[in-house]
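Here's the structure, in structure tokens; my notes come after.
2 protein chains.
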Amino acid sequence: MRVRLEDVARAANVSPKTVSRVLNDEANVTDATRQRVRAAMEAMDYRPHPSARSLAGNRSFLVAMLYDNNDNPASTYLAEIQDGVLEACDAHRYSMMVRPLRMRGGDFIRRFDALISDHHPDGVVLTPPITDYAPLLKRLRESNVPYASVSPQRRGKVIGVTMDEQRAARAIVEHLLGLGHRRIAHVIGIADHGASRWRLAGYREAMAAAGLPEDPAMVVQGAFTFGSGVEAARQLFSLAERPTAVFAANDDMATGVMWAAGEYGLKVPHDLSVCGFDDTPLSRQLWPALTTIQQPSREMGKIAAEQLLGALRGHGAGQLVQVPFVLQIRGSTAAVP
Amino acid sequence: MRVRLEDVARAANVSPKTVSRVLNDEANVTDATRQRVRAAMEAMDYRPHPSARSLAGNRSFLVAMLYDNNDNPASTYLAEIQDGVLEACDAHRYSMMVRPLRMRGGDFIRRFDALISDHHPDGVVLTPPITDYAPLLKRLRESNVPYASVSPQRRGKVIGVTMDEQRAARAIVEHLLGLGHRRIAHVIGIADHGASRWRLAGYREAMAAAGLPEDPAMVVQGAFTFGSGVEAARQLFSLAERPTAVFAANDDMATGVMWAAGEYGLKVPHDLSVCGFDDTPLSRQLWPALTTIQQPSREMGKIAAEQLLGALRGHGAGQLVQVPFVLQIRGSTAAVP
DNA sequence: GGCAGAAATGACAGCGCTGTCAATTTGCTC
DNA sequence: GAGCAAATTGACAGCGCTGTCATTTCTGCC
Numbered sequence: 010m011r012v013r014l015e016d017v018a019r020a021a022n023v024s025p026k027t028v029s030r031v032l033n034d035e036a037n038v039t040d041a042t043r044q045r046v047r048a049a050m051e052a053m054d055y056r057p058h059p060s061a062r063s064l065a066g067n068r069s070f071l072v073a074m075l076y077d078n079n080d081n082p083a084s085t086y087l088a089e090i091q092d093g094v095l096e097a098c099d100a101h102r103y104s105m106m107v108r109p110l111r112m113r114g115g116d117f118i119r120r121f122d123a124l125i126s127d128h129h130p131d132g133v134v135l136t137p138p139i140t141d142y143a144p145l146l147k148r149l150r151e152s153n154v155p156y157a158s159v160s161p162q163r164r165g166k167v168i169g170v171t172m173d174e175q176r177a178a179r180a181i182v183e184h185l186l187g188l189g190h191r192r193i194a195h196v197i198g199i200a201d202h203g204a205s206r207w208r209l210a211g212y213r214e215a216m217a218a219a220g221l222p223e224d225p226a227m228v229v230q231g232a233f234t235f236g237s238g239v240e241a242a243r244q245l246f247s248l249a250e251r252p253t254a255v256f257a258a259n260d261d262m263a264t265g266v267m268w269a270a271g272e273y274g275l276k277v278p279h280d281l282s283v284c285g286f287d288d289t290p291l292s293r294q295l296w297p298a299l300t301t302i303q304q305p306s307r308e309m310g311k312i313a314a315e316q317l318l319g320a321l322r323g324h325g326a327g328q329l330v331q332v333p334f335v336l337q338i339r340g341s342t343a344a345v346p
Numbered sequence: 010m011r012v013r014l015e016d017v018a019r020a021a022n023v024s025p026k027t028v029s030r031v032l033n034d035e036a037n038v039t040d041a042t043r044q045r046v047r048a049a050m051e052a053m054d055y056r057p058h059p060s061a062r063s064l065a066g067n068r069s070f071l072v073a074m075l076y077d078n079n080d081n082p083a084s085t086y087l088a089e090i091q092d093g094v095l096e097a098c099d100a101h102r103y104s105m106m107v108r109p110l111r112m113r114g115g116d117f118i119r120r121f122d123a124l125i126s127d128h129h130p131d132g133v134v135l136t137p138p139i140t141d142y143a144p145l146l147k148r149l150r151e152s153n154v155p156y157a158s159v160s161p162q163r164r165g166k167v168i169g170v171t172m173d174e175q176r177a178a179r180a181i182v183e184h185l186l187g188l189g190h191r192r193i194a195h196v197i198g199i200a201d202h203g204a205s206r207w208r209l210a211g212y213r214e215a216m217a218a219a220g221l222p223e224d225p226a227m228v229v230q231g232a233f234t235f236g237s238g239v240e241a242a243r244q245l246f247s248l249a250e251r252p253t254a255v256f257a258a259n260d261d262m263a264t265g266v267m268w269a270a271g272e273y274g275l276k277v278p279h280d281l282s283v284c285g286f287d288d289t290p291l292s293r294q295l296w297p298a299l300t301t302i303q304q305p306s307r308e309m310g311k312i313a314a315e316q317l318l319g320a321l322r323g324h325g326a327g328q329l330v331q332v333p334f335v336l337q338i339r340g341s342t343a344a345v346p
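Below you can see the structure in the form of structure tokens.
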């Protein structure tokens, strides 16, 4: 009923071991043999049994994607990364499992250990903000589990993928400056996330480069949520000297800012320019549509997984790939009145 | 290094097969033996090797969660279901994999077959809208793969979980009626989704029960997105006789309606009551917070998975469980002026 | 053509469990 | 306490692959 490796071997007139070699792209098989075996596999629609491979070969062909489900970033961001990781895993015939890992709460490491001993993933993909949680990284190294990170803060010899968020933030603030804005506010994301730090740094860099002294009142803490954007904006709009533009550290907060602008009777972009970061689907649905930074999350998930898989399969060590951003200029920003 | 079943057997002074029986909760083991074995497992922190179990036992301990990534519903909804499914799988020591399955495009069935022959899931969880895609259901039955559905439209002998969405929709419209509203509009979701149909049916039922004739202008097509809510609302607000309340088929569209209300200078809830459906995190962050129906998505994912797992483990056939909804009355609805 | 060394191929055991079925023990009945 | 059925336990093979190492075949070179 099921086609086994042995059946393919018989059909191709080679030993099972040779079929195994072809299956695993090992060396020391002549092209002629390789092709004969490949043809037989194809003809018989052979599908290796993952458990058998895993048991005999002592590897699981499994990649686990870890995320924090306390402080999780916008779930659409994670969903996109997940999609990308999945795509890469599929292409390499690996399977993927997702693991929420509550960082608060002490049994974090125990749960991680359970993941390893229960499922034996060959490698792990880390997503923000757990890319930089030191105890986890330590444990990963101790257990000798290879991993790749999406947007890690520390850039040591980590493999994975990043975007130059600081430069992107700077670019978007420069866009506002170019429109004549001077009183530009910034709404920060959750404090210890790399994303928040880089975006703030980019804002400061652009302002400083334009020779504008930092006004503390113009920088307000948010928490990456719509609601926190509303709050932050209300704070800004109650100021004697309101900003003429607000750069929020993500689109959800930017949407909140636009919402609050409505409350205060400020028309976007006529009275206030607003921009965000991430280019979530939401940003295009708003009216006016949001000027933002397109971060290719799906692609980033894919790249991180590819770096990991490459390293797993011994194709070099894997790198920290930097992907380009795109400044999406849309209707929510305009020249200062 | 790794603790194997054989080691546990030796420690408990029984045969490996007996340990296996305890591991799998099989019958015909005396309580004394069972406890001795359990104690040994505990003491040695024994973790069965999933691949070995799977290979020998001809089952994968794997549940696949299928979703459509074309027309996907709000990604937060899927993320919550995924979380619930994962929780149930973890509790039963099953693993879970997620599979996007593009319904448009002809190779749908082929991709499904590949999933089965590559990964051999013991069962499958179906999420809207693919709970009712006939070719898939047919193939699932042919391949003899057990499945459970989240909010299926057809209620035959399907197992899984539902919520009485029609009654919930009726309840929310009755809430509006109770506040004195008569011109109540409805924004429909994507046409062929069960969710859209039930919510529309509940709306009609409530209106009819209140003796109000249906006004076609009050029922507008949307597509479950924020943007479609904005569009629909603009259409409603341009009417000579505006609605005093809008019931949108989900929270994203309701948010869009509130947005558009701002554009038209309508204050919510003073000039317009708005309500949604789903109780997404967004709905609490809005100002005013949204009156909506709390649909326990996470819980529903968990229940669907539990029904599936129960059936897989032979604890009866599994049922179609109906979960209760909660009408969350918040600031976005008020008495008609 | 003969030889050493490299490349290609194969034989075989075994990964860690569970299915099957046989052996043993237990609990009952008379 | 013998006799029998039911419950419990165990022996053993084998799930479908891959690691190890032995064997065969090919290469280049004198």
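Line order of the protein sequences matches chains G and F.
Here the first sequence is numbered in the numbering used here, starting from 10 and rising by one per residue.
Here the second sequence is numbered in the numbering used here, starting from 10 and rising by one per residue.
Each residue gets a CB set at the ideal place from its N, CA and C atoms; glycine is no exception.
Residues bridged to G:His195 by DSSP? G:Val228, G:Phe256.
Give the straight-line distance between the Cα atoms of F:Asp54 and G:Gly198, rounded to the nearest whole angstrom. So the two alpha carbons sit approximately 41 Å from each other.
Would the beta-carbon of F:Thr300 fall within 7 Å of that of F:Ile338? The beta carbons of F:Thr300 and F:Ile338 sit closer together than 7 Å.
Can you tell me whether DSSP reads G:Arg108 as helix, strand or coil? Looking at G:Arg108 - three-state DSSP - the assignment turns out to be strand.
Simplified DSSP assignment, three categories, for G:Gly169: In the structure shown, G:Gly169 falls within a strand segment according to DSSP collapsed to helix, strand and coil.
Indicate whether the contact test is met: 3 or more Cβ pairs, each with one atom in the stretch 319-326 of chain G and one in the stretch 92-100 of chain G, closer than 8 Å. Taking a cut-off of 8 Å on C-beta distances, the stretch 319-326 of chain G does not touch the stretch 92-100 of chain G, as fewer than three cross pairs fall below it.
Flag this pair as yes or no: are the beta carbons of G:Leu329 and G:Ile168 separated by less than 7 Å? Yes; because the gap between Cβ atoms is below 7 Å, this pair is in contact.
In terms of residue numbering, what span does the alpha helix (DSSP H) encompassing G:Gln303 cover? Here G:Gln303 belongs to no alpha helix (DSSP H); instead the beta strand (DSSP E) covers 301-303.
Measure the Cβ-Cβ separation of F:Val159 and F:Ala18 and say whether it is below 7 Å. Contact flag unset, no.
Since G:Gly327 contacts G:Ala157 with CB under 8 Å, what's their CB separation in whole angstroms? Rounded to the nearest angstrom, the Cβ distance from G:Gly327 to G:Ala157 is 7 Å, consistent with a contact under 8 Å.
Looking at the structure shown, is G:Val17 part of a helix, part of a strand, or coil, going by DSSP? Of the three classes helix, strand and coil, the one that applies to G:Val17 here is helix, per DSSP.
Using the C-alpha atoms, what's the distance from F:Thr39 back to F:Val31? So the alpha carbons of these two residues sit roughly 10 Å apart.
Could you give the distance in angstroms between the alpha-carbon of G:Pro144 and the alpha-carbon of G:Pro109? For G:Pro144 and G:Pro109, the distance between alpha carbons rounds to 16 Å.
Classify G:Glu223: buried if its beta carbon has 16 or more other beta carbons within 10 angstroms, exposed otherwise. Exposed, since its Cβ has fewer than 16 Cβ neighbours within 10 Å.
Taking 7 Å as the cut-off, decide whether the C-beta atoms of F:Gln162 and F:Gly211 are in contact. No. Outside cutoff.
How about F:Cys284 and F:Ile181: are their beta carbons less than 7 Å apart? Yes, Cβ-Cβ distance for F:Cys284 and F:Ile181 is below 7 Å.
Give the residues of chain F in contact with G:Thr234, contact being defined as C-beta atoms less than 7 Å apart. Within chain F, the residues Gln294 have their CB atoms less than 7 Å from the CB of G:Thr234, given in chain order.
Closer than 9 Å at the beta carbon, the chain G residues around F:Phe59: Reading off the sequence, residue 59 of chain F comes out as Pro, not Phe. Within chain G, the residues near F:Pro59 are Ser60, Ser63, Ser69, Asp127, His128, His129.
Going by the DSSP bridge assignment, what does F:Ser354 pair with across the sheet? Residue 354 of chain F lies beyond the residue range present for chain F, which begins at 10 and ends at 346; the question has no answer from this structure.
I'd like to know if F:Ser282 contacts chain G, where contact means its C-beta is closer than 7 Å to some C-beta of that chain. No - not a single Cβ of chain G is within 7 Å of the one on F:Ser282.
Measuring CA to CA, which of F:Arg56, F:Gly220, F:Ser24, F:Gly325 is closest to G:Asp122? Looking at F:Arg56, F:Gly220, F:Ser24, F:Gly325, the one whose alpha-carbon comes closest to that of G:Asp122 is F:Arg56.
Considering G:Leu281, what are the terminal residues of the beta strand (DSSP E) in which it resides? Secondary structure note for G:Leu281: it is in no beta strand (DSSP E), with a DSSP letter that is neither H nor E.
Looking only at its own chain, which residues have a Cβ that is under 8 Å from the Cβ of F:Asn37, when we skip the five neighbours before and after it? Closer than 8 Å at Cβ, skipping near neighbours: Arg30.
Is the CB-CB distance between F:Ala298 and F:Gly238 below 7 Å? Contact annotation: F:Ala298 and F:Gly238 have beta-carbon atoms that are not nearer than 7 Å.
With three or more beta-carbon pairs closer than 8 Å as the criterion, would you say the stretch 239-255 of chain G touches the stretch 301-308 of chain G? Cβ pair count under 8 Å is below three, so no.
On the DSSP letters alone, give me the boundaries of the beta strand (DSSP E) that F:Tyr76 sits inside. Here the beta strand (DSSP E) through F:Tyr76 covers 71-76.
Is the beta carbon of F:Gly189 closer than 7 Å to that of F:Ala344? Taking 7 Å as the cut-off, the Cβ atoms of F:Ala344 and F:Gly189 count as close.
Counting only Cβ pairs nearer than 8 Å, list the residues of chain F close to G:Asp173. The contact set of G:Asp173 on chain F, defined by CB atoms closer than 8 Å, is empty, because the minimum CB distance reaches about 26 Å.
Please list the residues of the stretch 100-112 of chain F that have a C-beta atom closer than 9 Å to any C-beta atom in chain G, keeping them in chain order. Residues of the stretch 100-112 of chain F that bring their beta carbon within less than 9 Å of a beta carbon in chain G comprise Arg102, Ser104, Met105, Met106, Val107, Arg108, Pro109, in sequence order.
List, in order along the chain, the chain G residues whose C-beta lies closer than 9 Å to that of F:Arg56? Against F:Arg56, the close residues of chain G are Ala123, Ser126, Asp127, in the order they occur along the chain (beta-carbon pairs closer than 9 Å).
Cα-Cα separation between F:Ser60 and G:Ala178, rounded to whole angstroms: If I take the Cα positions, the gap works out to 47 Å.
Coarse secondary structure for F:Leu188, derived from DSSP in three states: In the structure shown, the three-state DSSP call for F:Leu188 is coil.
Within chain F, the residues that G:Gly271 reaches when beta carbons sit closer than 7 Å: In chain order: Gly271.
What residue does the alpha helix (DSSP H) around G:Val46 start on, and which one ends it? Where G:Val46 is concerned, the enclosing alpha helix (DSSP H) stretches over 40-53.
Can you confirm whether F:Ala210, when its beta carbon is compared against all beta carbons of chain G, has any partner nearer than 7 Å? Not closer than 7 Å to any Cβ of chain G, the Cβ of F:Ala210 fails to qualify, so no.
Unbroken beta strand (DSSP E) runs of length 3 or more, entirely within the stretch 292-336 of chain F: which are they? Listed in chain order, the complete beta strand (DSSP E) runs (minimum 3 residues) inside the stretch 292-336 of chain F are 301-303, 329-332.
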